[in-house]
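Residue numbers (my numbering): 298 to 1179.
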């Protein structure tokens, strides 16, 4: 199961985990008397039709007496309804029905308790048959019944029924935990099962004392505790059996040859013997005999176990018991290694009087597994495939006939059986894992993919191991566990760096790490950035690496890390489909990098020359290949000239050289591009002292039309934004010259264009050192447009440039007004807060400035993003200097 990053993004589904809820009956607040049913199914003849599912998993109702014990036809109807729903695995309906019957009118206390016990049983069966990711919900609901029932009915005389059923739920949970630990070789689960089995055993021993005490009281004082003496006697026997079952589970939680298991099984055989002497109508005879047979088998006393199983079959027990005894004979054959004899028994038939048994069908499955392993040892591929297919077929039948609990047990053994290696086994594990994934049983799919990867590793099948590990990563992501999916993708790619798509898989991990980053505020970008850098380190070539470089450049640019962004974009080669975007990325990032470096007095000429060479090489490669100029080549020529003018040594001459080549080679380029290059030529000429030639070029633009001259002005203004302070002053003088040339023709331009010219004139005045004139010009514009937000912000910025206290006070007032009218957390709002703090610093109020910044840090930790946050930090650093 492999998905690319885009495909994963399309198919990603989050496994919604339902929070644990209280049992539905709590919602009824026990408004009236309740109804109830048996705690576990009786093994008397009138209830054996339901044994095939309940007996086999030992979640059975306590056999208290014949079905008409309380003489209530309504209660018997409730019993049949719930049993029918559970047989059809309609667990939610059974839960709802039992909850409703608890509050039904005219129910006796014993009936109330019985229905509460039924509710516990329904939740337990639901948990056993639910996917592992959903079990906790039903386990928790089952556990909540007893305390809620006790709270609502503190004097309930038949409460012991609910207590026993609750303990049986605990036993079922231990059994499931032990089975999974055993099949999956999970030592943690096995240890948990050992501890919980001991706790369950102790609980049943206390329940035994409690029930026996109630029984003695009923004989001596006539107190019934809601149950008759006969009912309490039946309950005592049942609890005795349950205690021995808990003892059996305790033994099975330990390794097969351990002394702990041997002692537990020997004690179980000893304790169950009195129960095997009772009559069938007691309801405990048949399960006691079967338990004794199992314990003997676990002890290795196979002859005794087989003989006793054969004896049970001779007693003509109910069909489910006879079939379960036959299953035990099959297991004794398998324990001896007599697989052919076991197969013969299976082939004799799996039905009796039209009934089947989950235990016998599971023994059939175990027989096929044994034959499969036997074929493996004999290295017979055809036989391996045969028994694999039959095993898989039985798994499907178990699911259809007895539900997910049995199918899951078989699937776990099936996958566990395949972990020893071999191509066929690895393929089986892959198919099984994919089946789980299709059913959205994510935990089972992950476990099986991991088992398959382990088997492939042991078989030295690296290709299969790689595929299976990727499949597990995809499942983790589809299940909504993005951190686990990212970790699996990363580890797999790094473990198989030579795989054709290893770089892409690693990049997919970075993609999902970016989704994780977005969930935190502020976003935690470091793991994402680390993955991108790791990708470039391990796979510097190839399109996935180029994409990683692009993503790295974009995120570093967003963070205001101009140098890092530039260096990332420089990694993208001309052969990449991302190259045009990378060139634009280098242009934007490098201009900001060098402008910031000049402001900090940290400009390094080697850095500038490296970037200029990059752009010039783009032009030279195109020319040497005699290719037509592309938009990328034009952007490269323009940016190289811009960098020469602003930051390079001998920049004016070098800029003119590349500009002349570009203009000469692109007569048909857009007018806007030509106007921008013409503006650069004017700047270069002015810098070289050739003012007359510069003015002549401007005059040429004026002669063309005022609109062309306006475009030149726009180009100059754009260049001033990223220019060095020295060049910015030169540009400002040229802007003022252009505006002077435009002034006679302003009437030919529309009002919006005239407003732009007026604003740019004010900016040019300020950049040329005429701040007072600039402020006066901006104030006139602001008076004409009092409601225009951009104009008011521009005036506030202009006032902030002032050095006098009067201007700073005006700036403070202007920025407060901007802050008041701006939307909270918008870029303008953050800028206003920054400038208010700056004004306070300039006015000698550092504490006021610090208070503003602390306020923002507390309520808005990201402070407008990385770039704006760095501006706040820089301002505070300036304020802390003496």
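C-beta atoms are modelled at their ideal positions from N, C-alpha and C, and glycine is treated no differently. Computed from a predicted model, the values in this text were never measured in an experiment.
Ignore the nearest five residues each way along the sequence and tell me which others in residue 952's own chain have a CB closer than 6 Å to its CB.
Here residue 952 refers to the residue found at position 655 when the chain shown is read from its first residue. Counting only Cβ-Cβ distances below 6 Å, and skipping sequence neighbours, we find 938, 941, 942, 981.
Spell out the partners DSSP gives residue 996 in its beta bridges.
Here residue 996 refers to the residue found at position 699 when the chain shown is read from its first residue. For residue 996, which the question treats as bridged, DSSP gives no partner whatsoever.
So for residue 325, helix, strand or coil by DSSP?
To locate residue 325, count along the chain shown from 1; it is residue 28. Any reading at residue 325 needs caution, since the residue's pLDDT is 29, under 50, leaving its predicted position unreliable; the model's value is listed next. Of the three classes helix, strand and coil, the one that applies to residue 325 here is helix, per DSSP.
With a threshold of 16 other CB atoms inside 10 Å of the CB of residue 1047, please say whether the residue is buried or exposed.
For the purposes of this step, residue 1047 is identified with residue 750 of the chain shown, where counting begins at 1. Flag for residue 1047 reads exposed.
Just the C-alpha distance for residue 1059 and residue 1026, rounded to the nearest angstrom, thanks.
Taking the first residue of the chain shown as position 1, residue 1059 is located at position 762. Taking the first residue of the chain shown as position 1, residue 1026 is located at position 729. Their backbone Cα atoms lie some 13 Å apart in a straight line.
Confirm, please, whether the CB-CB distance from residue 526 to residue 512 is below 8 Å.
The count along the chain shown starts at 1 and reaches residue 512 at position 215. The count along the chain shown starts at 1 and reaches residue 526 at position 229. Yes; because the gap between Cβ atoms is below 8 Å, this pair is in contact.
I need the DSSP call for residue 260, collapsed to helix, strand or coil.
Because residue 260 is not part of the residues shown, which for the chain are 298 to 1179, the question remains open.
Three-state secondary structure (DSSP) at residue 1014?
Position 717 of the chain shown, counted from the first residue, corresponds to residue 1014. In this structure, residue 1014 counts as helix in the three-state DSSP scheme.
Starting from residue 510, trace the alpha helix (DSSP H) both ways and give me its first and last residue.
For the purposes of this step, residue 510 is taken as the residue at position 213 of the chain shown. 484-517 is the span of the alpha helix (DSSP H), which, as asked, contains residue 510.
Alpha carbon to alpha carbon, how far is residue 534 from residue 570?
Taking the chain shown and counting its residues from 1, one reaches residue 534 at position 237. Taking the chain shown and counting its residues from 1, one reaches residue 570 at position 273. Each residue's alpha carbon lies about 12 Å from the other.
4-residue-minimum alpha helix (DSSP H) runs that sit fully inside the segment 829-894, ordered along the chain:
840-855, 859-866
How many whole angstroms separate the CB atoms of residue 833 and residue 846, which I take to be in contact at a CB cut-off of 8 Å?
Within the chain shown, residue 833 is the residue found at index 536, counting from 1. Within the chain shown, residue 846 is the residue found at index 549, counting from 1. That pair is a contact at about 6 Å.
With 16 other CB atoms within 10 Å as the buried threshold, where does residue 492 fall?
Numbered from 1 along the chain shown, position 195 holds the residue referred to as residue 492. Counting Cβ neighbours within 10 Å, residue 492 comes out exposed, since fewer than 16 surround it.
Return the CA-CA distance between residue 592 and residue 434, expressed in angstroms with no decimal places.
Here residue 592 is taken as the residue at index 295 of the chain shown, counted from 1. Here residue 434 is taken as the residue at index 137 of the chain shown, counted from 1. Straight-line Cα distance between these residues: approximately 33 Å.
Under the rule that 16 or more other beta-carbon atoms within 10 Å means buried, what is residue 946, buried or exposed?
Reading the chain shown from its first residue, position 649 is the one you call residue 946. Exposed, because fewer than 16 other Cβ atoms sit within 10 Å of the Cβ of residue 946.
Residue 1133 to residue 1146, Cα distance in whole Å?
Here residue 1133 is taken as the residue at index 836 of the chain shown, counted from 1. Here residue 1146 is taken as the residue at index 849 of the chain shown, counted from 1. Whole-angstrom Cα-Cα distance: 8 Å.
Going by DSSP, name the residue or residues bridged to residue 649.
Along the chain shown, one-based indexing puts residue 649 at 352. DSSP lists 652 as partners of residue 649.
Residue 575 burial status per 10 Å Cβ neighbour count (16 or more: buried):
On the chain shown, position 278 is the one that residue 575 refers to. Answer is exposed; the Cβ neighbour count stays below 16.
Any non-hydrogen atom of the ligand SAH closer than 7 Å to residue 1170 Cβ:
Among the components modelled here there is no ligand, and therefore nothing to report on the ligand SAH.
Excluding the five sequence neighbours on either side, which residues of its own chain have a C-beta within less than 7 Å of the C-beta of residue 680, listed in chain order?
The residue labelled residue 680 in the question sits at position 383 within the chain shown. Closer than 7 Å at the Cβ level, and outside the excluded window around residue 680, lie 672.
Touch check for the segment 612-619 and the segment 640-656: three-plus C-beta pairs under 8 Å?
yes
Is DSSP giving residue 581 helix, strand or coil here?
Taking the first residue of the chain shown as position 1, residue 581 is located at position 284. Residue 581 falls in the coil class under three-state DSSP.
Beta-carbon proximity list for residue 810, same chain, < 6 Å, skipping 5 on both sides:
Stepping through the chain shown from its first residue, residue 810 is reached at position 513. Excluding positions up to five away in sequence, the list reads 783, 824, 825, 828.
If residue 627 and residue 642 are in contact, beta carbons under 8 Å, what's the gap, nearest whole angstrom?
Locating residue 627 in the chain shown gives position 330, counting from the first residue. Locating residue 642 in the chain shown gives position 345, counting from the first residue. Rounded, the Cβ-Cβ distance is 5 Å, consistent with contact.
As a quick exercise: from 979, 1054, 1005, pick the residue whose alpha carbon is nearest that of residue 1031.
The count along the chain shown starts at 1 and reaches residue 1031 at position 734. Checking every option, the nearest Cα to that of residue 1031 belongs to 979.
Simplified DSSP assignment, three categories, for residue 1157:
Numbered from its first residue, the chain shown carries residue 1157 at position 860. Three-state result, residue 1157: coil.
Nearest-angstrom Cβ-Cβ length linking residue 848 and residue 842, presumed shorter than 8 Å:
Taking the chain shown and counting its residues from 1, the one referred to as residue 848 is at position 551. Taking the chain shown and counting its residues from 1, the one referred to as residue 842 is at position 545. Contact doesn't hold; Cβ gap of about 11 Å is too wide.
Among 882, 1063, 532, nearest to residue 462 - alpha-carbon criterion:
Position 165 of the chain shown, counted from the start, is the residue given in the question as residue 462. Taking only the C-alpha atoms, the option nearest residue 462 is 532.
When you compare only the Cα positions, how much space is there between residue 1118 and residue 1089?
Position 821 of the chain shown, counted from the first residue, corresponds to residue 1118. Position 792 of the chain shown, counted from the first residue, corresponds to residue 1089. The straight-line gap from Cα to Cα measures roughly 11 Å.
The segment 1072-1085 / the segment 1033-1050 touching (three or more Cβ pairs under 8 Å):
no
Consult DSSP for residue 1100 and reduce its assignment to one of helix, strand or coil.
Stepping through the chain shown from its first residue, residue 1100 is reached at position 803. If DSSP states are grouped into helix, strand and coil, residue 1100 belongs with coil.
Here's a check: name, in chain order, each residue in its chain whose Cβ is nearer than 8 Å to the Cβ of residue 873, leaving out the five neighbours to either side.
Within the chain shown, the letter at position 576 stands for residue 873. Excluding positions up to five away in sequence, the list reads 840, 843, 879.
Output yes or no for whether 8 Å exceeds the beta carbon distance between residue 663 and residue 698.
To locate residue 663, count along the chain shown from 1; it is residue 366. To locate residue 698, count along the chain shown from 1; it is residue 401. It is not a contact, given that the beta carbons lie outside the stated cut-off.
Helix, strand or coil, according to DSSP, for residue 1003 in the structure here?
Numbered from its first residue, the chain shown carries residue 1003 at position 706. Helix, per DSSP.
So what does DSSP say about residue 576, is it helix, strand or coil?
Looking up residue 576 in the chain shown gives position 279. Three-state DSSP puts residue 576 in coil, outside helix and strand.
Inter-stretch contact at 8 Å, needing at least 3 Cβ pairs: the segment 467-474 / the segment 493-501:
yes
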